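Below you'll find the structure, written out as structure tokens, and then a few comments.
In my numbering, the protein residues as written are 13 to 229.
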């Protein structure tokens, strides 16, 4: 029995000489599954843009009100280069049909389209994104991240640099968040409404965009 046992015993290889080709090399620590260039397209049905301006009505019991107009006629996309906790904008362009802005007063909306903003003549406002600014070094894009985006805004065929304050997150293939900015009407070639003895509007517009964008290949 001892001889039979010795006949079937085989020498064991040195573990140091073994190479397991089926085992992949370990991933780099901190590598993100979402790394690389990712492009997101705005979903108009789930997005909206609002403006806020201050109106003063003379002779009214409540002279000051905030006028609010809204539209969902938005379109555009952004390509993001994500590496770890850093993000760069490779390209991004967005547009809004501002002729579709509506408020609680149809007469105001018509005056904006025909007389003040003249959005019936210049219906499309565009923003071309340039650079992401002040992105936190420890940003977790699965959570809301606050940062800024600079670029060029065109309204009434007048283009000016503009910066948006952003809060956004990425959940799977969905980019969602809020963007807010402020500009003066005169910077885009139109005066704030002023109807002698009736109404005066402060020269300043706050714009807020709530957006949802889906990843596209």
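No residue lacks a Cβ here, since even glycine has one placed at the ideal position from N, Cα and C.
Please read these numbers as outputs of a predicted model, since none were measured by experiment.
Span separating the alpha-carbon of residue i from that of residue j
| i | j | result |
| --- | --- | --- |
| residue 109 | residue 87 | 9 Å |
| residue 162 | residue 105 | 12 Å |
| residue 216 | residue 70 | 19 Å |
| residue 223 | residue 131 | 22 Å |
| residue 72 | residue 208 | 14 Å |
| residue 118 | residue 94 | 44 Å |
| residue 33 | residue 138 | Confidence is the limiting factor: at residue 33 the pLDDT is only 47, short of 50, which leaves the residue's position unreliable and the question unanswerable from this model. |
| residue 112 | residue 82 | 8 Å |
| residue 193 | residue 49 | 26 Å |
| residue 170 | residue 229 | 33 Å |
| residue 129 | residue 140 | 21 Å |
Residue from the options with nearest C-alpha to residue i
| i | options | result |
| --- | --- | --- |
| residue 78 | 224, 172 and 65 | 65 |
| residue 75 | 223, 210 and 228 | 210 |
| residue 59 | 183, 113, 105 and 188 | 188 |
| residue 180 | 107, 196 and 148 | 148 |
| residue 142 | 175, 97 and 193 | 175 |
| residue 96 | 83, 47, 157 and 195 | 47 |
| residue 127 | 83, 139, 202 and 226 | 202 |
| residue 196 | 99, 219 and 186 | 219 |
| residue 153 | 129, 183, 100 and 170 | 183 |
Proximal residues to residue i (C-beta, below 6 Å), its chain only, five neighbours per side dropped
| i | result |
| --- | --- |
| residue 213 | 65, 67, 204 and 205 |
| residue 221 | 61 and 191 |
| residue 134 | 168 |
| residue 199 | 172 |
| residue 151 | 97 and 157 |
| residue 92 | 50 and 99 |
Nonlocal neighbours in the same chain, by C-beta distance under 8 Å from residue i, ignoring five residues either side
| i | result |
| --- | --- |
| residue 80 | 62, 63, 64, 115 and 116 |
| residue 231 | It is not possible to answer for residue 231, since the shown part of the chain is limited to 13 through 229. |
| residue 155 | 181 |
| residue 160 | 144, 145, 146, 175, 176, 177 and 178 |
| residue 54 | 86, 87, 88, 89, 106, 223, 224 and 225 |
| residue 56 | 84, 85, 86 and 87 |
| residue 102 | 49, 91, 92 and 93 |
Cβ-based neighbour list, residue i, same chain, cut-off 7 Å, excluding 5 preceding and 5 following
| i | result |
| --- | --- |
| residue 185 | 226 and 227 |
Exercise. Going along the chain, which unbroken runs of the beta strand (DSSP E) with 3 or more residues stay wholly within the region 117-161?
Worked result: Fully enclosed beta strand (DSSP E) runs of 3 or longer: 136-145.
Problem set entry | Residue ranges of each alpha helix (DSSP H) within the region 46-100, 4 or longer | Restricting attention to alpha helix (DSSP H) runs no shorter than 4 residues, the region 46-100 encloses none.
Exercise. Counting Cβ pairs, one atom from each stretch, are 3 or more of them under 8 Å apart for the region 149-166 and the region 122-131?
Worked result: As far as the Cβ criterion goes, the region 149-166 does not touch the region 122-131, which means the pair count is below three.
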